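Quick note on our numbering: the sequence shown kicks off at 58 and runs consecutively.
Where a beta carbon is used, it is the ideal one built from N, C-alpha and C, also for glycine.
Since we're looking at a predicted model, the values are computed, not measured.
Okay, so here's the structure we're looking at.
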Amino acid sequence: MLAVASFYLTTAALPPGLARLVIAQLVLAAVATAVVFHHHAQLDAANLPRAIFASLALRAPRLPALIGALLIGLTSWLPNSQLAVWVQAQLGGSAEVPALEELLRGPRLTLSIACLSLVPAFAEEIVFRGLWTRALTTRLGVTASCCLTALAFGSYHLSFAQWLPTTLLGGLLAWATLRSNSLWTAITLHAVNNSVATMMASGLVGALARPILRYPSASLVLAVTTTLTGILLVAATPPRQPRDASDR
């Protein structure tokens with residue numbers, strides 16, 4: 058909670074823009090890492106980095122799980138965006154995100170896309186899946202921890218239209234982390250999902266958008282099928298095991 062509170066305080070203190078987003082996300086990750094550091098402060102300097110990495114599950118996933126994460130990230134944005142449009146239609150209004158559009162109008166489009174895609178993916182995964190999901194799993198079990206962190210993740214984004222798709226994505230990210238026993242699975246999925254969605258919003262991949270707009274139903278079926286294939290691939294892959302008892 059301290060990390061999320063620090064994120065909102067930083068956001069409120071800085072003027073709107075790409076720099077505010079990046080700084081706030083870095084504060085989010087830094088505070089979360091400091092919490093883990095404090096938890097392991099009794100360890101000597103030689104063992105501290107390993108303990109922090111183990112606590113956050115920052116170990117390499119198995120290759121099939123990583124491929125599954127890539128497939129999910131590449132395609133899950135489409136059903137999620139369609140769900141957001143549907144929710145917003147029920148609420149009345151447009152599902153467009155003005156703040157995102159404003160950030161993507163800047164002269165450094167590639168930098169904007171990188172910042173909007175990679176920084177949030179890493180920072181948010183450190184907090185929601187590295188800290189919260191794993192901590193809650195030891196107390197409440199897998200199902201409850203995935204559900205609770207998914208609800209927190211959806212609420213954190215402060216958008217009615219995006220709440221349901223973001224919550225579903227949060228649950229999937231939590232499950233992928235626990236199933237693979239690696240936070241890098243979720244970071245990869247999250248970063249790829251953000252990258253594709255942001256590039257589509259920017260118009261940078263117009264050649265890809267044209268067939269999606271021309272064949273929306275077929276595109277949605279293909280995206281859902283590919284997402285499910287990625288989920289099955291992650292589910293079928295044995296989790297990465299810690300090397301010893303201290304790496305848990």
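Around the C-beta of Gly-211, 16 or more other C-beta atoms lie within 10 Å, and the residue is accordingly described as buried. DSSP places Pro-73 in the coil class of the three-state scheme, outside both helix and strand. Ranked by how close their Cα comes to the Cα of Leu-235, the residues Val-291, Ser-259, His-214, Ala-248 have Val-291 in first place. In chain order, Thr-190, Leu-193, Thr-194 place their CB closer than 6 Å to the CB of Ser-202, counting only its own chain and leaving out the 5 sequence neighbours on each side. If you look at Gln-219, you'll find it in the alpha helix (DSSP H) that goes 217-237.
In this structure, Val-184 and Leu-85 form a Cβ contact; the two beta carbons are roughly 6 Å apart against a cut-off of 8 Å.
By the beta-carbon neighbour count (other beta carbons within 10 angstroms, threshold 16), Ser-274 is exposed. Ranked by Cα distance from Val-144, the options Gly-187, Asn-104, Ala-218, Ala-231 are led by Ala-218.
For Pro-136 and Leu-279, the gap between their C-alpha atoms comes out near 10 Å.
Non-local beta-carbon contacts of Thr-90 in its own chain, meaning distances under 6 Å to residues more than five positions away in sequence, are absent. For Tyr-213, the uninterrupted alpha helix (DSSP H) run begins and ends at 199-213, by DSSP. In its chain, beyond the 5 residues on either side, Phe-64, Thr-67, Thr-68 have a beta carbon closer than 6 Å to the beta carbon of Ala-81. Gly-149 carries a coil assignment under DSSP once its states are collapsed to helix, strand and coil. For the pair Arg-77 and Ser-239, the CB atoms are not nearer than the 8 Å cut-off. A residue is called buried when at least 16 other Cβ atoms come within 10 angstroms of its Cβ; Pro-73 does not meet this threshold and is exposed. In the three-state reduction of the DSSP assignment, Arg-267 falls in the helix class. Exposure of Asn-104 is indicated by the presence of fewer than 16 other C-beta atoms within 10 angstroms of its C-beta. Contact check for Cys-172 and Leu-75: beta-carbon distance about 6 Å, within the 8 Å limit, so the pair qualifies.
Check the Cα spacing between Gly-287 and each of Leu-128, Arg-267, Leu-230: the tightest is with Leu-128.
Following the DSSP letters along the chain, one finds Asn-250 inside the alpha helix (DSSP H) bounded by residues 240-259. If you check the CB distance, Ile-170 and Ser-252 come in under 8 Å. In this structure, Leu-113 lies away from Val-92, with their beta-carbon atoms at least 8 Å apart.
The continuous alpha helix (DSSP H) containing Ser-174 extends over residues 166-182.
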